[in-house]
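Chemist:
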Amino acid sequence: MAVATDRKGSLAVINEFLACKRLAIVGISRTETDISRALWKEFRTRGYEVVPVNPALNEIEAEKCYASLRDLPQAVDWVLLATAPAVSEQVVRECAELGIKRVWFHKGSGAGAVSENALEFCAAQGIETVPGQCPFMFLPETAFFHRLHGFGKKLTGKYPK
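Okay, so the sequence shown: first residue is 1 according to the UniProt record's numbering, each after it adds one.
So, in structure tokens, the structure goes:
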């Protein structure tokens, strides 16, 4: 497993993440229109087993929501962070303790989950990362807006290779 050090990630690593079908979304929102909820629904629709993690929630749409990764009944293949950067720094330490070797730092618009300290920690721990990308851009047959987002990143040189 190669550790991605490029701050936009690599397409090969992104495809490895998406090939793994059990993930946790840490920082999933109680707000139904939030991007984290849209990703949760989309991954589930595509056959992924998606575990919601947020210490402030007990459930989402009648599905149990866990307070932390330590509370999960079984391991996940990867973690999608939809958290503030300071929280991301805490969660990657938890990932290392639990042996989780893949972490995706979501960023659509706004600050996103990316933290330089968290990325450096992951690199030191041998944790693969996808920093600052929205998974929707890499899912096949996704909505036009997400394809447009990816096209914009290609034009500006920010799309992974």
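Here a beta-carbon is modelled for each residue, glycine too, at the ideal position from N, C-alpha and C.
Here the structure is a predicted model, which means the values were calculated and not measured.
If distances are taken between C-alpha atoms only, which option among P85, Y66, E120 and A75 comes closest to L98?
Modeler: In the sequence shown, the residue the question calls residue 98 occupies position 98. Taking only the C-alpha atoms, the option nearest L98 is A75.
Chemist: Do you know whose CA, among A111, C122 and G112, lies nearest V103's CA?
Modeler: For the purposes of this step, residue 103 is taken as the residue at position 103 of the sequence shown. With distances taken between Cα atoms, V103 lies closest to C122.
Chemist: Out of E141, L139, A113 and M137, which one is the CA nearest neighbour of T129?
Modeler: Sequence index remark: in the sequence shown, residue 129 carries index 129 (1-based). Checking every option, the nearest Cα to that of T129 belongs to A113.
Chemist: Please classify G126 as buried or exposed, where buried requires at least 16 other C-beta atoms within 10 Å of its C-beta.
Modeler: Here residue 126 refers to the residue found at position 126 of the sequence shown. With fewer than 16 other Cβ atoms within 10 Å, it is exposed.
Chemist: How is S10 classed by DSSP in three states: helix, strand or coil?
Modeler: Locating residue 10 in the sequence shown gives position 10, where the first residue counts as 1. If DSSP states are grouped into helix, strand and coil, S10 belongs with coil.
Chemist: Please state whether DSSP places A84 in a helix, a strand or coil.
Modeler: Along the sequence shown, one-based indexing puts residue 84 at 84. Coil at A84, not helix or strand.
Chemist: Do you know offhand how far A118's Cα is from L81's?
Modeler: In the sequence shown, the residue the question calls residue 118 occupies position 118. In the sequence shown, the residue the question calls residue 81 occupies position 81. Cα-Cα distance, rounded: 11 Å.
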